[in-house]
Amino acid sequence: MTKTEQFNVIDKLDMIEILEENEIDVSDCYGKKCLLRVGKSAGVDKVITGSIENLGKKIVVTVKILDVDSESYDKVAIEEFINLDAEIQSMVKIVVNKALGIENNKEILSTLVYFNQPPETPTTYIKNNGPRMGLSYVIGNTGKILSAAEINGGWGHKNPVVMSQLGYQFEGSYLSAGDFQALVEGMIFINGIEKEMFSPSFALLNGFRSSKNGWEFGFGPTFRLTKMAKGYYIGDTLGGNDYDVVEDWRLASDWNGPGQNPYPSKDRTDARGTTRLKTGWVWAVGRTFHSGYLNIPVNLFYSSGKDGGYIGLSMGFNIAKKD
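Each residue of the sequence shown is one higher than the last, beginning at 0 in numbering that gives the first Met the number 0.
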């Protein structure tokens, strides 16, 4: 009310003194008669009263403006909202503005107002961009290759192979209605810096987040730059896969036998190869915690590929911005 600059609002502490002096108990002061007594005791022109009701899927906010002189209500504003407890303050502001004839922000209205059968889906675009960091445990044949000796195409890392992740997240909440938000996320990472590796990756995820408790999940493709080489496995006859992924691996250029190489040729991660694009698929689940305006997403993820994958923990921080 004070921010509208339309009214001279009595200070809360001054109001408490007035009520005590006139022995008025406002704990049960809801009717017009009691409100008029309060208004006359305070010597004001208007008395603002309201209520907030939780009705399952929606919250109903009512604001009334009582004229003390005419002893009648000037304005009565009622609005139904989606049941989001964290947005109560915004809901009250919307209804107060409605009662005073002040235009509300259309984006905020479309996000919070409850629609039984909306003519069009209420949408708003919210950005949650910020840094990300984490750790990943390499599993499957990929882990064996990274821990293999350099002579076998590996990097010589000790088992278990755990790699750091440092990057940046670009997130957009493009649909926010009801209890869920629809999300699209792009995440750029540089992996394994402490292991003197240059293995950048990019993940593009689509997912959902609960507006009530922050739980979320997402999925999508991931693209990684890594060194790969063409080679073959000794013992790999007719695609039988009867070979050791480290000891039996040979580069295609190593073949010096008579005639054509009988072993099937394959492309595989190899430290002696050239940098190429490798694809995979990632699943993620987690929760976004809130501290004031700060969002802190924490996620577990599993990234799978042809030769193995990664299991890890990623976290970051950002501040939501409406676009």
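Glycine residues also receive a C-beta, built at the ideal position from the N, C-alpha and C atoms.
Using beta carbons (cut-off 9 Å, strictly below), is residue i in contact with chain D?
{"i": "residue 57", "result": "Protein chain content of the structure displayed is limited to a single chain, and chain D is not contained in it."}
For residue i, is the classification buried or exposed, using 16 other Cβ atoms within 10 angstroms of its Cβ as the cut-off for buried?
{"i": "residue 264", "result": "exposed"}
{"i": "residue 184", "result": "buried"}
{"i": "residue 58", "result": "buried"}
{"i": "residue 15", "result": "exposed"}
{"i": "residue 214", "result": "exposed"}
{"i": "residue 27", "result": "exposed"}
{"i": "residue 25", "result": "exposed"}
{"i": "residue 69", "result": "exposed"}
{"i": "residue 148", "result": "exposed"}
{"i": "residue 141", "result": "buried"}
{"i": "residue 10", "result": "exposed"}
{"i": "residue 145", "result": "buried"}
{"i": "residue 200", "result": "buried"}
{"i": "residue 274", "result": "exposed"}
{"i": "residue 60", "result": "buried"}
{"i": "residue 180", "result": "buried"}
{"i": "residue 157", "result": "exposed"}
For residue i, tell me which candidate among the options has the shortest Cα-Cα distance.
{"i": "residue 318", "options": "253, 286, 110, 125", "result": "125"}
{"i": "residue 17", "options": "244, 26, 38, 6", "result": "38"}
{"i": "residue 137", "options": "76, 308, 282", "result": "308"}
{"i": "residue 13", "options": "108, 186, 43, 151", "result": "43"}
{"i": "residue 224", "options": "179, 209, 276", "result": "276"}
{"i": "residue 220", "options": "316, 304, 253", "result": "304"}
{"i": "residue 188", "options": "178, 306, 203, 175", "result": "203"}
{"i": "residue 245", "options": "252, 233, 40", "result": "233"}
{"i": "residue 112", "options": "98, 101, 261, 90", "result": "90"}
{"i": "residue 154", "options": "164, 170, 182, 196", "result": "196"}
{"i": "residue 165", "options": "313, 87, 242, 283", "result": "313"}
{"i": "residue 172", "options": "290, 301, 194, 207", "result": "207"}
{"i": "residue 151", "options": "73, 54, 231", "result": "231"}
{"i": "residue 30", "options": "48, 21, 40, 22", "result": "48"}
{"i": "residue 306", "options": "278, 295, 292, 296", "result": "278"}
{"i": "residue 210", "options": "273, 178, 77, 106", "result": "178"}
{"i": "residue 167", "options": "180, 158, 190, 181", "result": "190"}
{"i": "residue 293", "options": "109, 66, 128, 33", "result": "128"}
{"i": "residue 62", "options": "56, 71, 50", "result": "50"}
{"i": "residue 75", "options": "66, 81, 87", "result": "66"}
{"i": "residue 88", "options": "192, 35, 107, 71", "result": "107"}
DSSP three-state call for residue i: helix, strand or coil?
{"i": "residue 283", "result": "strand"}
{"i": "residue 175", "result": "strand"}
{"i": "residue 86", "result": "helix"}
{"i": "residue 303", "result": "strand"}
{"i": "residue 275", "result": "strand"}
{"i": "residue 79", "result": "strand"}
{"i": "residue 323", "result": "Since the first and last residues shown for the chain are 0 and 322, residue 323 lies out of range."}
{"i": "residue 183", "result": "strand"}
{"i": "residue 170", "result": "strand"}
{"i": "residue 91", "result": "helix"}
{"i": "residue 333", "result": "Not covered by the structure: residue 333. The range shown for the chain is 0 to 322."}
{"i": "residue 58", "result": "strand"}
{"i": "residue 290", "result": "strand"}
{"i": "residue 101", "result": "coil"}
{"i": "residue 194", "result": "helix"}
{"i": "residue 151", "result": "helix"}
{"i": "residue 96", "result": "helix"}
Which residues mark the beginning and the end of the beta strand (DSSP E) in which residue i is found?
{"i": "residue 215", "result": "214-232"}
{"i": "residue 330", "result": "Missing from the structure shown is residue 330; the chain here goes from 0 to 322 and no further."}
{"i": "residue 144", "result": "Element bounds for residue 144: not the beta strand (DSSP E) but the alpha helix (DSSP H), 139-146."}
{"i": "residue 265", "result": "265-268"}
{"i": "residue 248", "result": "248-250"}
Considering residue i, what are the terminal residues of the alpha helix (DSSP H) in which it resides?
{"i": "residue 14", "result": "11-20"}
{"i": "residue 69", "result": "Element bounds for residue 69: n/a, residue is neither H nor E."}
{"i": "residue 46", "result": "That residue, residue 46, is in no alpha helix (DSSP H); its beta strand (DSSP E) goes 45-54."}
{"i": "residue 37", "result": "31-41"}
{"i": "residue 109", "result": "105-111"}
Taking 8 Å as the cut-off, is the CB of residue i close to at least one heavy atom of the ligand FAD?
{"i": "residue 82", "result": "As for the ligand FAD, it is missing from this structure, which has no ligand bound."}
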